[in-house]
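One structure below.
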Amino acid sequence: MDKLARYAETLDGAALGAHATPQLTSSDPNLSVADAYQVQKLSVDRRLARGERRIGVKMGLTSRAKMLQVGVNEVAWGRLTDAMLIEEGAAMSRARFVHPRVEPEVAFLMKAPLCGRVTAAQALAAVEAIAPAMEIIDSRYENFKFALSDVIADNTSSSGLVIGPWNDPTKDFSNLGVIVEINGQVIEVGSTAAILGHPLRSLVAAARLVAEGGEGISAGDIVMAGGITAAPTLAPGQTVRTTIQGLGSVMFRVEA
Ligand code: OOG
Ligand code: MG
1323 MDKLARYAET LDGAALGAHA TPQLTSSDPN LSVADAYQVQ KLSVDRRLAR
1373 GERRIGVKMG LTSRAKMLQV GVNEVAWGRL TDAMLIEEGA AMSRARFVHP
1423 RVEPEVAFLM KAPLCGRVTA AQALAAVEAI APAMEIIDSR YENFKFALSD
1473 VIADNTSSSG LVIGPWNDPT KDFSNLGVIV EINGQVIEVG STAAILGHPL
1523 RSLVAAARLV AEGGEGISAG DIVMAGGITA APTLAPGQTV RTTIQGLGSV
1573 MFRVEA
C-alpha cells in the first residue's frame, strides 16, 4: 500500500475506533498540503465505500479565534457525509469520539452549483438558505495538536454537524450576534463577522478551494462556513445551544 493510502487507513481507523493517533508530521515532517488533501480524499473514500453519502463541504480556520486556538493560520476545507449529521435536538454519544469540541457556525444550503473563482454576489445567488449550525470537531491526533498538513489529512477534524432552522439568505447576515450556551450558561459570544469579515467570503473561498481539489459544490450541498469562536470541549451531561441573532437557535445533548 502506498504511503498516502496507509495514512488514510490510519486516520479512518482512528475515527472509527475513537482513539488518538500520532501526528503524521511527527514522522513525515515534509508531508505537503497537496498530499494531505489526497490523504483526506482517500480516507473519506473509505467512508463512502462503507455506504456513507457525501452531503457537502466544510470550511475550517476561517476565524481568528479558531486560528489562535489551534495555532494554524490557513483556511482549509473538508468533506461532510450523512453519517456526521446529528438531528437537531438529539443526543450524540461522547464514547464515539476521541476528544470532541463544538463550534458555532453558519450553514449554507446550496440551490445551484458553485465552482472556481466566483464573486460574493454569485455565491449568494447560489444559496437556497442559511441556518445557525454547530460542528463537532474531533481531531484524531493526540492532544488535539496538529500542523496544517496533519489537520487537512484528518478531514479538518470534522466529525459531526447539527443544523438549525433554515432562513431566507437575502437577509443581512454579515454581522449577527452569536451566543453559545452549555447547560444554560453562556460560554462563548461572537459575531458572524468573525468568519473572514462576512460568512459569504467563506463560501467564495470554498468554491475556489474545492475546485482546486478537483471537485465542486453542487445544488443540495451543505457548506459549513467555519467556527465563529474558540471551540469548547464536550462532556456527557451537557446540553449545548447556539443562537444567532435573527436566525434562531440549534441544540443537541451529549450522552455518555
Ligand atoms: C480544525 C478544524 C477547524 C473550523 O470551523 O474552524 C474548524 C480544528 O480546530 O480541529 O472546523
Ligand atoms: Mg468547523
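Start counting the sequence shown at 1323; every next residue gets the next number (the numbering used here). Backbone N, C-alpha and C define an ideal beta-carbon position, used for all residues, glycine too.
Here Tyr1463 is bridged, per DSSP, to Thr1343. For Met1381, the secondary structure class from DSSP, reduced to helix, strand or coil, is strand. Val1532 sits in a helix when the DSSP states are folded into three classes. Closest option to Gly1393, judged by alpha-carbon separation, among Pro1558, Ser1471, Ile1501 and Arg1530: Ser1471. Leaving aside the five residues that flank Ala1528 on each side, the residues in its chain whose CB is nearer than 7 Å to its CB run, in chain order, Val1379, Met1381, Trp1399, Ile1539 and Val1545. Inclusion of Glu1427 in the 7 Å shell around the ligand MG follows from its C-beta lying nearer than that to a non-hydrogen atom of the ligand.
Separation of Ala1515 and Gly1559 (C-alpha to C-alpha, rounded to the nearest whole angstrom) is 31 Å. With 16 or more neighbouring CB atoms inside 10 Å of its own CB, Arg1563 falls in the buried class. Take the alpha-carbon of Val1508 and the one of Ile1550: they are about 15 Å apart. The beta carbons of Ile1485 and Met1414 sit about 14 Å from each other, so the pair does not count as a contact at 8 Å. In chain order, Pro1426, Ile1509, Glu1510 and Thr1564 place their CB closer than 6 Å to the CB of Val1502, counting only its own chain and leaving out the 5 sequence neighbours on each side. Every beta strand (DSSP E) stretch that sits fully inside the segment 1395-1456 and reaches 3 residues is listed by chain position as 1398-1403, 1413-1415 and 1423-1432. A distance of 8 Å or more separates the beta carbons of Ala1547 and Ser1571.
Inclusion of Arg1418 and Ala1336 in the CB contact set at 8 Å is not warranted, their separation being larger than that value. Ranked by Cα distance from Pro1422, the options Ile1452, Leu1483, Trp1488 and Gln1567 are led by Leu1483.
Taking 8 Å as the cut-off, the Cβ atoms of Ala1552 and Gln1391 count as close. Of the residues assessed, Met1323 falls on the exposed side of the cut-off, its CB having fewer than 16 other CB atoms within 10 angstroms. Around the beta carbon of Thr1343, 16 or more other beta carbons sit within 10 angstroms, so the residue counts as buried. Relative to Ala1453, the option among Leu1431, Val1440 and Arg1386 whose CA is nearest is Leu1431.
Distance from the CA of Gly1438 to the CA of Pro1554, rounded to the nearest whole angstrom, comes to 33 Å.
Assignment of beta strand (DSSP E) within the segment 1516-1576, counting only whole runs of 3 or more residues, yields 1544-1546 and 1561-1566 in chain order.
In this structure, DSSP gives Ser1349 a helical state, which the three-state scheme calls helix.
Boundaries of the alpha helix (DSSP H) harbouring Leu1364: Val1355 to Ala1371, taken from the DSSP string.
For Leu1470, the enclosing alpha helix (DSSP H) stretches over residues Leu1470 to Ala1475.
A distance below 6 Å between beta-carbons, with the five flanking residues on each side excluded, links Ala1429 to the following residues of its chain, in chain order: Ala1453, Ala1455, Ile1485, Ile1544 and Met1546. Under a 10 Å Cβ-count criterion, Arg1369 is classified as buried, with 16 or more other Cβ atoms of the shown protein chains found around its own Cβ.
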